[in-house]
Amino acid sequence: MNIQKTVLTALAAILSLTLSAGTVVYRPNKEAEVRRVSNVKIISIEKGIMTLEVDGGNERIPLSKVEGYYDTDLKNSSDGFDDNTPEYAVTITKIDAPERPQKKAGGKLTKETFNIEYRINPTYTKEQSQGSVKYPYFYLYIMTENDGSGERPIYLSYYPKLANPSKKTYDKAAIMDKVLSSKRVNLYGDRGGSFGSISSWDRKVELPLTMIRSKNNPKIIAWHLEIWGKTDVIYEKEWKDPSSRVGNNWWQRL
610 MNIQKTVLTA LAAILSLTLS AGTVVYRPNK EAEVRRVSNV KIISIEKGIM
660 TLEVDGGNER IPLSKVEGYY DTDLKNSSDG FDDNTPEYAV TITKIDAPER
710 PQKKAGGKLT KETFNIEYRI NPTYTKEQSQ GSVKYPYFYL YIMTENDGSG
760 ERPIYLSYYP KLANPSKKTY DKAAIMDKVL SSKRVNLYGD RGGSFGSISS
810 WDRKVELPLT MIRSKNNPKI IAWHLEIWGK TDVIYEKEWK DPSSRVGNNW
860 WQRL
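To convert, count from 1 in the sequence shown and add 609; that's our numbering.
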């Protein structure tokens, strides 16, 4: 019985007996030092991949890199996970921006979504993972025409839920805190495989406009889109209604 199969058998037994936090020992690559990560819970073991919960986020490790698991939470000897995910760029293939936050369907008003189709283009070294990247974070700022209050309101929509900056005003530091958070999840290739093929796939995200609650269904007169990669903004695009006067950096007035 090889080492990987032995580890798999032992981990499966542990998984069936306990859901408490433990410590996983693994080696990120052949040249790297062994790392110990505490306060982890095994979520699943499937197709050679172990999925763990740690600090409210998920991590996936190939079983071939796992050297052991302890049912004891060794808090004083934890190294944390080695983030060897690569930097990447995105190519936007399509943007479908609605004119208003709601549309008529069957005599009723239904909420619209701001739809983006994109591709991920990772750039990695031999030491970095070729099977995952940090999930891109999307931030969409929208300005509408006067909604009856005398103001031109500014709204924020974001994706995924973990990207929520929890601020009612524009705060780049709050966004960076979310981008660099240990709870940020990874986006994986097919069955943990290489991103060499997935980079050519079109992916789609729908940003909800439910935060625009005006009964007047005001016209959207400007939007600004930011996409954050592993550590920084990797894409920006802005649109303004030619018939409306909108200043520069208007979204920072949120």
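For glycine and all other residues, C-beta sits at the position ideal for the given N, C-alpha and C.
Identify, in the order they occur along the chain, each residue of the same chain with its Cβ nearer than 6 angstroms to the Cβ of residue i, setting aside the five sequence neighbours on each side.
i, result
"Pro707", "Glu721"
"Glu845", "Glu835"
"Pro704", "According to the sequence shown, residue 704 is Ile rather than Pro. Correct list, in chain order: Ile725."
"Ile784", "Pro774"
"Arg669", "Ile658, Thr660"
"Ser853", "Ile830"
Give the DSSP-derived three-state secondary structure of residue i in the structure shown.
i, result
"Ala783", "helix"
"Ala772", "helix"
"Lys674", "helix"
"Val788", "helix"
"Arg862", "helix"
"Ala831", "strand"
"Gly631", "strand"
"Leu816", "strand"
"Gly657", "coil"
"Pro851", "coil"
"Ile652", "strand"
"Lys839", "coil"
"Arg644", "strand"
"Glu662", "strand"
"Lys639", "coil"
"Glu760", "coil"
"Ser766", "strand"
"Lys846", "strand"
"Asn795", "strand"
"Asn667", "strand"
What does a CB cutoff of less than 7 angstroms around residue i pick up in its chain, not counting 5 residues either side in sequence?
i, result
"Tyr679", "Gly631, Thr632"
"Met610", "Its pLDDT being 46, under 50, Met610 is placed unreliably in this model, and the value from its coordinates should be taken loosely. No residues qualify anywhere along the chain."
"Gly666", "Ser791, Lys792, Arg793, Val794"
"Asn685", "Low confidence applies here, because Asn685 scores a pLDDT of 47, under 50, leaving its location unreliable; read the following figure in that light. The answer is none, since no qualifying residue turns up."
"Val643", "Val634, Arg636, Glu676"
"Asp780", "Pro774"
Can you tell me which of the options puts its alpha carbon nearest to the alpha carbon of residue i?
i, options, result
"Val838", "Pro731, Lys639, Tyr779, Trp859", "In the sequence as presented, Val is not what sits at residue 838; that position holds Gly. Measuring from the Cα of Gly838, the nearest candidate turns out to be Pro731."
"Lys656", "Glu642, Pro817, Val646, Pro671", "Pro671"
"Glu815", "Pro637, Val742, Tyr767, Ala698", "Tyr767"
"Val742", "Ala772, Ile658, Met659, Asn795", "Asn795"
"Leu778", "Pro817, Gln861, Ile729", "Checking the sequence, you will find Thr at residue 778 rather than Leu. That would be Gln861, whose Cα lies nearest to the Cα of Thr778."
"Pro695", "Ile751, Lys639, Gly740, Leu818", "Gly740"
"Ile821", "Ala772, Leu749, Gly856, Pro637", "Leu749"
"Tyr797", "Arg812, Val646, Val788, Asp841", "Arg812"
"Asn638", "Asn693, Ser852, Arg645, Ser647", "Asn693"
"Ile729", "Ala772, Ile701, Lys770", "Ile701"
"Met752", "Ala782, Asp780, Leu818, Lys787", "Leu818"
"Pro851", "Asn648, Tyr727, Glu754, Phe723", "Glu754"
"Asp786", "Lys770, Pro769, Thr840", "Thr840"
"Lys776", "Asn648, Ile652, Leu863", "Leu863"
"Ala772", "Ala782, Gly759, Val788", "Val788"
Counting only the same chain and skipping the five closest in sequence on each side, list residues whose C-beta sits under 8 angstroms from that of residue i.
i, result
"Asn826", "Arg709, Pro710, Gln711, Leu718"
"Glu847", "Ala831, Trp832, His833, Leu834"
"Ile843", "Tyr697, Ala698, Val699, Pro745, Ile836, Trp837"
"Lys849", "Ile830, Ala831, Val855"
"Ile652", "Thr660, Leu661, Glu662, Asn667"
Could you tell me whether any non-hydrogen atom of the ligand SAM is closer than 6 angstroms to the CB of residue i?
i, result
"Leu749", "Of ligands this structure carries none, so the ligand SAM is not represented either."
- Three CB pairs or more closer than 8 angstroms across the segment 831-844 and the segment 747-767: yes
- Task: Please determine if the segment 712-726 and the segment 667-678 are in contact, where contact requires at least 3 C-beta pairs separated by less than 8 angstroms.
- Result: No contact exists between the segment 712-726 and the segment 667-678.
- Query: Unbroken beta strand (DSSP E) runs of length 3 or more, entirely within the segment 696-756: which are they?
  - Reply: Counting whole runs of 3 or more residues, the segment 696-756 contains the beta strand (DSSP E) stretches 696-705, 711-714, 717-720, 722-732, 741-743, 746-753.
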